[in-house]
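Structure record follows, encoded as structure tokens.
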Amino acid sequence: MDELIHSLSLSGYGCFVGKTFFGCIMYADDLLLLSPSQHGLQAMLDICSVYADCHNLVFNPTKTTCSVVGRNRLSGKVSQCHLLMLHLVTVVIWCDL
4 MDELIHSLSL SGYGCFVGKT FFGCIMYADD LLLLSPSQHG LQAMLDICSV
54 YADCHNLVFN PTKTTCSVVG RNRLSGKVSQ CHLLMLHLVT VVIWCDL
């Protein structure tokens, strides 16, 4: 899995603080992807799909959700993410800060 984290980091997608990559957090068999854009998140999901295919791993799309957090509730620009060609449940959380 270190190789997956390295691939995600090198992709340029995900969250960075300075030059430090914080776009992927793993604990046991759980994986959290963080991205400032939905496009970036989908690119990271695609990288995970390719990695899983090459390493005979299974990501369970039925246990996976895509959460979008933001302030602009009028944007309406939330498209559905997918993993392994299956649509993910998308949860949209708007917060006024």
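To convert, take the position in the sequence shown, counting from 1, and add 3; that gives the numbering used here.
Glycine residues also receive a C-beta, built at the ideal position from the N, C-alpha and C atoms.
{"Item": "Please determine, among L44, V61, N59, V95, the residue with the shortest C-alpha to C-alpha distance to H85.", "Value": "L44"}
{"Item": "Please go through the same chain and pick out, in chain order, the residues whose beta-carbon is closer than 7 Å to the beta-carbon of F24, but skip the five residues on each side of it.", "Value": "S12, G17"}
{"Item": "Per the DSSP calculation, T93 is bridged to which residue(s)?", "Value": "C69"}
{"Item": "Can you give the beta carbon distance from S38 to G26, rounded, assuming they're within the 8 Å contact cut?", "Value": "6 Å"}
{"Item": "Below 8 Å between beta carbons: does that hold for L48 and L60?", "Value": "no"}
{"Item": "Among I8, T93, Q83, whose alpha-carbon lies nearest the alpha-carbon of Y30?", "Value": "I8"}
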